[in-house]
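Trainee: Take any residue in the sequence shown, count from 1 to its spot, add 722: that is its number in our numbering.
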Amino acid sequence: DRTLVFATGQRIPLAPGGKSRWGFCPGGTLFFFLREFPAEAGIFLAAEPVTAVANLPQYFLPQRIFTSPNEYFVFGIKYESDKEPGKLTELVFSRRKPAPKPEREIDLSRFGGVVDMDTDRGLLLVVGKREMFNTWGVYNLETRKYKSLGSEKAYGFFLTPGLVQYLEKRCE
């Protein structure tokens, strides 16, 4: 039997056959866990991995998770049922009050996936829908504007302003 084991000693058993899905936010303080699809999944604190701080809808297949001081951001594919095609969706949960349901849901179906998020500025690094040559771009959640960055790269992420300044000084 495969199991996720935490520093606290707590264990979460995985579904047989590799059907479980989990992912940690940058920094590793928060994670989503889906034992088997379709089933309800949850958002958990790594320090307390037994009780969910929020539940994800039954037909939601999580892919990425990010956190800010006020909110949890979960990106994934939302299905209307197990027979319908899904669409890329963002679910936003409040950290300030119990969040049995998302506070808001944003349709991102025009994109193929989310690579990274700058939670301070509300920017997403997104990949285009699967085509012959994939493209990347930056999408602003507030203005709903998209800027293409050209061809998909091997990796990509946003840098915090402090890290940018540090790297600029080191590379002079």
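Cβ atoms here follow ideal geometry from the backbone N, Cα and C, with glycine treated the same way. The structure presented is a predicted model; accordingly, all values stated were derived computationally and were not measured.
On the CB-based measure, 16 or more other CB atoms within 10 Å of its CB, does residue 769 come out buried or exposed?
Mentor: exposed
Trainee: Evaluate residue 727 with the Cβ neighbour count: other Cβ atoms within 10 Å of its Cβ, from every protein chain shown; 16 or more gives buried, anything less gives exposed.
Mentor: exposed
Trainee: How would you write the range of the beta strand (DSSP E) that residue 932 sits in, first residue to last?
Mentor: For the chain, the structure presents residues 723 to 894; residue 932 sits outside this window and is missing.
Trainee: Residue 747 and residue 788: beta carbons closer than 7 angstroms?
Mentor: In this structure, residue 788 lies closer than 7 angstroms to residue 747 by Cβ.
Trainee: Checking 7 angstroms against the spacing of the C-beta atoms, do residue 861 and residue 848 come in under that value?
Mentor: yes
Trainee: Within its chain, find whatever has a CB closer than 6 angstroms to the CB of residue 863; leave out the 5 residues flanking it on each side and keep chain order.
Mentor: 844
Trainee: Measure the alpha-carbon distance for residue 754 versus residue 800 and round it to whole angstroms.
Mentor: 15 angstroms
Trainee: Sorted by chain position, which residues of the same chain lie with C-beta nearer than 7 angstroms to residue 735's C-beta, five sequence neighbours on each side aside?
Mentor: 723, 725
Trainee: What are the boundary residues of the beta strand (DSSP E) that residue 837 is part of?
Mentor: 833-840
Trainee: Name the DSSP bridge partner or partners of residue 777?
Mentor: 764
Trainee: Pick out whichever of 780, 730, 823 has its Cα sitting closest to the Cα of residue 803.
Mentor: Of the listed residues, the one whose Cα sits closest to residue 803 is 780.
Trainee: Roughly how many angstroms separate the alpha carbons of residue 766 and residue 837, rounded to a whole number?
Mentor: 21 angstroms
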